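What follows is a short report on a single structure.
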Amino acid sequence: MTTTEIPASTSSKLTRRLGFAALVSIVVFLAMALVISPPDVSQRDAVRLFYLHVPTATIAFYFAPAIIAVGSVMYLWKKSTFWDLAAGTAAELAVIFSAFTLVTGMLWGKPTWGLYWTWEPRLTATAVSFVLFVGYLAVRKLDLDPVIRSQRAAVLGLIAAANTLLVRYSVQIWKGIHQGTTISPMNMQISGLMWGTALIGFVSFTLVFAWLMIHRFRVAWLEHQLAEVGLDLAISERRAERDVAGAASTDVRLTGEGA
Amino acid sequence: MHWEFVIPGYLIVFVTLAMYTVYVVRKGRALSEQLPPEKRRFLD
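From first to last, the protein sequence lines are chains G and L.
Numbering-wise, the first sequence is residues 1 to 259 according to this note's numbering.
Numbering-wise, the second sequence is residues 1001 to 1044 according to this note's numbering.
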């Protein structure tokens, strides 16, 4: 492909295929989660929120923080713009998916626990994690030298990623009202159609996350490139102004000397 | 039973994802148009 044929978008062959797979899996997931899978014996239809809550929590507190942690370490170590932008992208998605986790958890909590919210360990740790992800994005918007800003963001990114371990183990450490692990190879508590629906939910949301991660990263990369182009342009304009001013002063000096 | 909690949950998640997807795609297109092709080097 020549440079003139490159389309003005963030899509590519890979992301088009990924997007199609994500779309198909979401349609299958919605059919299974809302129509085909049966209601639970005790939770009735509220169990359908489980299919939404668990995959979004997995992305918010496992996948995205892993990328934030790796990206932050790589930035602090190698000063790599790629990893800095990757960590920033993952943090934005962590905010979105942790918000989904909180909202679906509250909606699931009302029919199962009888309340939307309580300051029990898992819920509190999740809320703290959400605030840390938002704080990370706020740091990335600070009006600072880009290197200092990225360094501070990387340090906060590592703290936010480490905090997700607290979210993960809060149930075991403090034993609140939140249930423990439902889907684990060591302790499987669902089976049959419900297990199949949960699995498709995981696949769908992972594909969606991967698609968004790639596209959002490319947007961040374009923003970075545009800022560099702007900076190059400003420097060349400044140089041109200096050259014009220099030439004018030389003319004046020569004219003076000649007179 | 409990559909009054289930439907809002699904709506919030999927409508938000759809809106965010549109935002990302449109922003990507707008930024790409402002850059020379050689600067869009992430493309395969």
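Yeah, the Cβ is synthetic: ideal placement off N, Cα and C, and Gly gets one too.
Owing to the predicted nature of the structure, the values given are computational and were not obtained by experimental measurement.
_Sequence-distant residues of the same chain with beta carbon closer than 8 Å to P263/G, five excluded per side_ = Here chain G has residues from 1 to 259 only, and residue 263/G is not among them.
*asked:* On the DSSP bridge list, what partners appear for R44/G?
replied: For the purposes of this step, residue 44/G is taken as residue 44 along the first sequence, with counting starting at 1. Answer is D40/G.
*Check the C-beta distance from L1035/L over to L222/G and give it rounded, since I have them as a contact under 8 Å.*
As a first step, residue 1035/L must be located in the second sequence, where it is residue number 35. As a first step, residue 222/G must be located in the first sequence, where it is residue number 222. A Cβ-Cβ distance of about 6 Å is found for the pair L1035/L and L222/G, placing them in contact under the 8 Å criterion.
*asked:* Please tell me whether A1019/L has its Cβ less than 8 Å away from any Cβ of chain G.
replied: The sequence position of residue 1019/L within the second sequence is 19, counting from 1. Reading off the sequence shown, one finds Met at residue 1019/L, where the question assumed Ala. Under the Cβ distance rule, M1019/L does not count among the residues neighbouring chain G, no pair being separated by less than 8 Å.
*Is the CB-CB distance between P264/G and A160/G below 8 Å?*
For chain G, the structure presents residues 1 to 259; residue 264/G sits outside this window and is missing.
_Given 8 Å, three or more beta-carbon pairs between the region 103-113 of chain G and the region 68-79 of chain G_ = Flag = no, the region 103-113 of chain G and the region 68-79 of chain G do not touch.
*Nearest chain L C-beta to Q179/G closer than 8 Å, yes or no?*
On the first sequence, residue 179/G is found 179 positions in, with the first residue counted as 1. Under the Cβ distance rule, Q179/G does not count among the residues neighbouring chain L, no pair being separated by less than 8 Å.
*Check the Cβ-Cβ distances between L1043/L and every residue of chain G, and say whether any is below 8 Å.*
Translated into positions along the second sequence, residue 1043/L becomes position 43. Unreliable placement is indicated for L1043/L, whose pLDDT of 47 sits below 50; no coordinate value is reported for it.
*Compare the C-beta of V1015/L against all C-beta atoms of chain G and say whether one is closer than 8 Å.*
Here residue 1015/L refers to the residue found at position 15 of the second sequence. So, not an interface residue.
*asked:* DSSP three-state label for H53/G, please.
replied: Looking up residue 53/G in the first sequence gives position 53. When DSSP states are grouped into helix, strand and coil, H53/G belongs to the helix group.
*Would you mind telling me which residues of chain G sit closer than 7 Å to L1035/L, beta carbon to beta carbon, in chain order?*
For the purposes of this step, residue 1035/L is taken as residue 35 along the second sequence, with counting starting at 1. At a C-beta separation below 7 Å, L1035/L has these neighbours in chain G: L222, Q225, L226, V229.
*Environment of I173/G [buried if 16+ CB atoms lie within 10 Å]*: By 1-based counting over the first sequence, the position of residue 173/G is 173. I173/G should be labelled exposed.
_Can you list, in chain order, the residues of its chain with a C-beta nearer than 6 Å to that of S72/G? Leave out the 5 residues immediately preceding and following it._
For the purposes of this step, residue 72/G is identified with residue 72 of the first sequence, where counting begins at 1. Excluding residues within five positions, the ones whose Cβ falls inside 6 Å are A87, A154, G157, L158.
*asked:* I need the boundaries of the alpha helix (DSSP H) containing T1016/L, first residue and last residue.
replied: Taking the first residue of the second sequence as position 1, residue 1016/L is located at position 16. Secondary structure note for T1016/L: its alpha helix (DSSP H) is the uninterrupted segment 1003-1034.
*chain G contact for L1011/L (CB, 8 Å cutoff)*: Here residue 1011/L refers to the residue found at position 11 of the second sequence. No, L1011/L lies away from the interface with chain G (no Cβ there is under 8 Å from its Cβ).
*asked:* Just to confirm before moving on: does the CB-CB distance between P111/G and H1002/L stay below 8 Å?
replied: One-based indexing of the first sequence puts residue 111/G at position 111. One-based indexing of the second sequence puts residue 1002/L at position 2. For P111/G and H1002/L, yes; Cβs fall inside 8 Å.
*Give a yes or no on whether 8 Å exceeds the smallest Cβ distance from V1006/L to chain G.*
Taking the second sequence and counting its residues from 1, the one referred to as residue 1006/L is at position 6. Chain G contact via Cβ: present.
*Considering V171/G, what are the terminal residues of the alpha helix (DSSP H) in which it resides?*
On the first sequence, position 171 is the one that residue 171/G refers to. For V171/G, the uninterrupted alpha helix (DSSP H) run begins and ends at 146-174, by DSSP.
*Using a Cβ cut-off of 9 Å, which residues of the region 28-45 of chain G contact any Cβ in chain L, in chain order?*
Taking 9 Å as the Cβ-Cβ cut-off, the region 28-45 of chain G approaches chain L at L30, A33, L34, P39, Q43, R44, D45, given in chain order.
*List the residues of chain G that V1022/L touches, going by C-beta distances under 8 Å, in chain order.*
As a position in the second sequence, residue 1022/L is number 22, starting the count at 1. Going along chain G, no residue has its Cβ under 8 Å from V1022/L, so there is no contact; the nearest lies around 11 Å.
*Hey, quick one: how far does the alpha helix (DSSP H) through Y136/G stretch, first residue to last?*
Sequence index remark: in the first sequence, residue 136/G carries index 136 (1-based). Secondary structure note for Y136/G: its alpha helix (DSSP H) is the uninterrupted segment 121-140.
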